[in-house]
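Visitor:
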Amino acid sequence: MAASQSFVPTEVSALSQKQAVRLASLVIVAAVAAFLLLYRLDVYPEPWYDEGSHLHVAKNYALNGIYADYSSEGIRYYGPAVGVGPTVMLPVAALFNLFEVSIPLARLAIVVYGFV
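Using the working numbering, you'd call the opening residue of the sequence shown number 7 and step up by one each time.
This is the structure we're talking about:
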């Protein structure tokens, strides 16, 4: 076999080149998305009332083990802040339990959902 001949058929190398372009495109899109989702995560946007009320439930679950909101009226198991649901509250509460209670940490859990 001559030195100029390839052992890889041209169909396979063309397919591999397409896969490489797709992979590079995916990596670029993921890097841009990560930058946009993580840039100034701790200060922008400023915390809003609803973000605080929802994180109140996650904080209560992480610190006290009660999946409910609490106020001056006591524990509210079915308050409006609980309506976000466990798919958001439980990962945030787990991060609060492992590390500390903070808004950037809670937002980081939501960034993961941005990639899903």
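Virtual Cβ for every residue (Gly too), placed ideally from N, Cα, C.
I'd like to confirm the pairing. Which residues does DSSP put opposite S77 in its beta bridges?
Guide: Start at 1 with the first residue of the sequence shown, and residue 77 comes out as number 71. Paired residue(s): G80.
Visitor: In whole angstroms, what separates the C-alpha of M95 from that of I34?
Guide: Here residue 95 refers to the residue found at position 89 of the sequence shown. Here residue 34 refers to the residue found at position 28 of the sequence shown. Going from the Cα of M95 to the Cα of I34 covers about 30 angstroms.
Visitor: So, using beta-carbon positions, are L61 and A112 closer together than 9 angstroms?
Guide: For the purposes of this step, residue 61 is identified with residue 55 of the sequence shown, where counting begins at 1. For the purposes of this step, residue 112 is identified with residue 106 of the sequence shown, where counting begins at 1. Cβ distance < 9 angstroms, so L61 and A112 count as in contact.
Visitor: Our contact map puts G91 next to L43 with C-beta atoms below 8 angstroms; I'd like the distance itself, whole angstroms only.
Guide: By one-based count along the sequence shown, residue 91 stands at place 85. By one-based count along the sequence shown, residue 43 stands at place 37. With a Cβ gap of about 21 angstroms, G91 and L43 do not count as contacting.
Visitor: For E106, name the three-state secondary structure that DSSP assigns.
Guide: Walking along the sequence shown from the start, residue 106 turns up at place 100. Residue state, collapsed to three classes: coil.
Visitor: Pick from S78, Y55, F102: whose alpha carbon is nearest that of L69?
Guide: Residue mapping note: residue 69 aligns to position 63 of the sequence shown, counting from 1. For the residues S78, Y55, F102, the minimum Cα distance to L69 belongs to F102.
Visitor: Between N66 and Y55, how many whole angstroms is the CB-CB distance? I'm expecting something under 8 angstroms.
Guide: For the purposes of this step, residue 66 is taken as residue 60 along the sequence shown, with counting starting at 1. For the purposes of this step, residue 55 is taken as residue 49 along the sequence shown, with counting starting at 1. No, N66 and Y55 are not in contact; Cβ-Cβ is about 17 angstroms, not under 8 angstroms.
Visitor: Taking C-beta to C-beta, are P97 and V122 nearer than 9 angstroms?
Guide: Within the sequence shown, the letter at position 91 stands for residue 97. Within the sequence shown, the letter at position 116 stands for residue 122. No. Outside cutoff.
Visitor: Starting from the N-terminal side, write out each stretch of the alpha helix (DSSP H) that is 4 residues or longer and does not extend beyond the segment 24 to 93.
Guide: 55 to 70
Visitor: For S152 versus P86, is the C-beta spacing smaller than 9 angstroms?
Guide: The question about residue 152 has no answer here: the residues shown for the chain are numbered 7 through 122.
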